[in-house]
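Asker: Taking my numbering, the leading residue of the sequence shown gets 1222, the next gets one more, and so forth. Provided herewith is a single structure, encoded as structure tokens, for subsequent inquiry.
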Amino acid sequence: MRRTRQAATFTSAALLVVTVGSCATEWRPLPPAAPTPTVTATVTATATALVAPAAVPALAAVAPAATAGPSGAATAPAAPGSPSPGASGAATAPASPAVSASPTPAAPAAPAAGAAGAVAEPGAAVAVASSNRLGPVLVDAQGRTLYVFEGDSTTMSTCYDDCASALPPLTTKGFPVAGPGADDGLLGTSLRADGTFQVLYNGRPLYLCAEDTSAGEVSGQELNRFGSIWYAADASGHSVKAPAPAEDSTG
């Protein structure tokens, strides 16, 4: 009986072994889960995090492809010209271009005083005064008698060199001015060969006489020199060819 129990126990043990062995034979362990492929974006983000902040704009400029942030999400490349984060991570605003003020045009300089033909330069004065010998005649600002030359057929003077020394032309640096008795509508100027402007009256060039040393003298009257005759000019610019009639003092 004891052997029978032992045999039964052995048989049970054998069956258990066979059963367990059979389970061991049929059971197969599951293969280990395949490792999740490392996302390139994570590696890129890690590499980017290791790079100094100052180098990030350079990397973005070299490789404008999408990069991943620390969380692994891909971000779009920065647009050209967009501000890059500084060392503290805050965006730096682009510097505004300096605006240069438009230069204010300088005012034109006024003509220098004393320049030939300058508008501001006072012109020679021509007036009418009475002469004891000839009556009313044209005179300059100092009262000296003014003459016309019969040799001048136009507004251009023919008196130069020795002629101009003996009977100098009345020149001006501005437009001539009409004094008492003179008609400003008859005044004008003519350009001489030496670049000066000679005063005209009724279209005739005016001259002085070098021999007249004071007002009222008429040393140049009916002077026949330098090819023609010289006469004092009257208030109309004509030649005074006859002495004024003497006044009747008897009444």
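Each residue gets a CB set at the ideal place from its N, CA and C atoms; glycine is no exception.
Under DSSP, the beta strand (DSSP E) around Ser1351 begins and ends at which residues?
Answerer: On the sequence shown, residue 1351 is found 130 positions in, with the first residue counted as 1. Residues 1346-1352.
Asker: Sorted by chain position, which residues of the same chain lie with C-beta nearer than 7 Å to Gly1400's C-beta, five sequence neighbours on each side aside?
Answerer: In the sequence shown, the residue the question calls residue 1400 occupies position 179. Around Gly1400: Ala1346, Val1347, Ala1348.
Asker: Only counting runs of 3 or more residues, tell me where the beta strand (DSSP E) segments fall wholly within the stretch 1372-1397, in order along the chain.
Answerer: Listed in chain order, there is nothing to give.
Asker: Starting from Gly1356, trace the beta strand (DSSP E) both ways and give me its first and last residue.
Answerer: Counted from its first residue, the sequence shown places residue 1356 at position 135. 1356-1360 is the span of the beta strand (DSSP E), which, as asked, contains Gly1356.
Asker: According to DSSP, what are the bridge partners of Ser1449?
Answerer: Taking the first residue of the sequence shown as 1, we reach residue 1449 at position 228. Arg1446, per the DSSP bridge assignment.
Asker: Starting from Thr1410, follow its DSSP beta bridges and name the residues at the other end.
Answerer: Position 189 of the sequence shown, counted from the first residue, corresponds to residue 1410. Val1420.
Asker: What's the call for Pro1390, buried or exposed, on a 16-neighbour Cβ count within 10 Å?
Answerer: Mapped onto the sequence shown, residue 1390 falls at position 169. Label assigned to Pro1390: buried.
Asker: For Ser1440, count neighbouring C-beta atoms within 10 Å of its own C-beta (all shown protein chains included) and say buried if the count is 16 or more, exposed if not.
Answerer: Translated into positions along the sequence shown, residue 1440 becomes position 219. By the neighbour-count rule (16 or more Cβ atoms within 10 Å), Ser1440 is not buried but exposed.
Asker: Just confirm the distance between the C-beta atoms of Phe1418 and Thr1434, as a whole number of angstroms; I'd bet it's less than 8 Å.
Answerer: Taking the first residue of the sequence shown as position 1, residue 1418 is located at position 197. Taking the first residue of the sequence shown as position 1, residue 1434 is located at position 213. Not a contact, Cβ separation roughly 25 Å.
Asker: Hey, would you say Ser1352 sits closer than 9 Å to Thr1366, going by beta carbons?
Answerer: Looking up residue 1352 in the sequence shown gives position 131. Looking up residue 1366 in the sequence shown gives position 145. A contact, by the Cβ cut-off of 9 Å.
Asker: Quick one: measure Cβ to Cβ for Val1398 and Gly1364, integer angstroms, because I've assumed they're closer than 8 Å.
Answerer: The residue given as residue 1398 occupies position 177 in the sequence shown. The residue given as residue 1364 occupies position 143 in the sequence shown. 15 Å between Cβ atoms; not a contact.
Asker: Just the C-alpha distance for Thr1410 and Val1358, rounded to the nearest angstrom, thanks.
Answerer: Here residue 1410 corresponds to residue number 189 of the sequence shown, with the count starting at 1. Here residue 1358 corresponds to residue number 137 of the sequence shown, with the count starting at 1. Their Cα atoms are separated by approximately 19 Å.
Asker: Just checking my contact of Asn1423 with Gly1458 at CB under 8 Å: how many whole Å lie between their CB atoms?
Answerer: Position 202 of the sequence shown holds residue 1423. Position 237 of the sequence shown holds residue 1458. The pair is a contact, with the Cβ atoms about 3 Å apart (cut-off 8 Å).
Asker: Below 8 Å on the Cβ atoms is my guess for Leu1408 versus Leu1429; work out the distance and round it to an integer in Å.
Answerer: Along the sequence shown, one-based indexing puts residue 1408 at 187. Along the sequence shown, one-based indexing puts residue 1429 at 208. Not quite, the Cβ-Cβ distance comes to about 16 Å (not below 8 Å), so this is no contact.
Asker: What do you get for Tyr1452, buried or exposed, if any count of 16 or more other CB atoms within 10 angstroms of its CB means buried?
Answerer: Taking the first residue of the sequence shown as 1, we reach residue 1452 at position 231. Flag for Tyr1452 reads buried.
Asker: If distances are taken between C-alpha atoms only, which option among Val1461, Ala1456, Ser1460, Glu1432 comes closest to Cys1384?
Answerer: Mapped onto the sequence shown, residue 1384 falls at position 163. That would be Glu1432, whose Cα lies nearest to the Cα of Cys1384.
Asker: Taking the beta strand (DSSP E) that Val1439 falls in, what are its first and last residues?
Answerer: Within the sequence shown, the letter at position 218 stands for residue 1439. Taken as a continuous stretch (DSSP letters only), Val1439 belongs to no beta strand (DSSP E), as it is neither H nor E.
Asker: Give me the Cα-Cα distance between Lys1462 and Phe1370, rounded to the nearest whole angstrom.
Answerer: Here residue 1462 refers to the residue found at position 241 when the sequence shown is read from its first residue. Here residue 1370 refers to the residue found at position 149 when the sequence shown is read from its first residue. Taking the straight line joining both Cα atoms gives about 12 Å.
Asker: Can you find a C-beta in chain C that's less than 9 Å from the C-beta of Met1377?
Answerer: The structure shown contains no chain C, having only a single protein chain.
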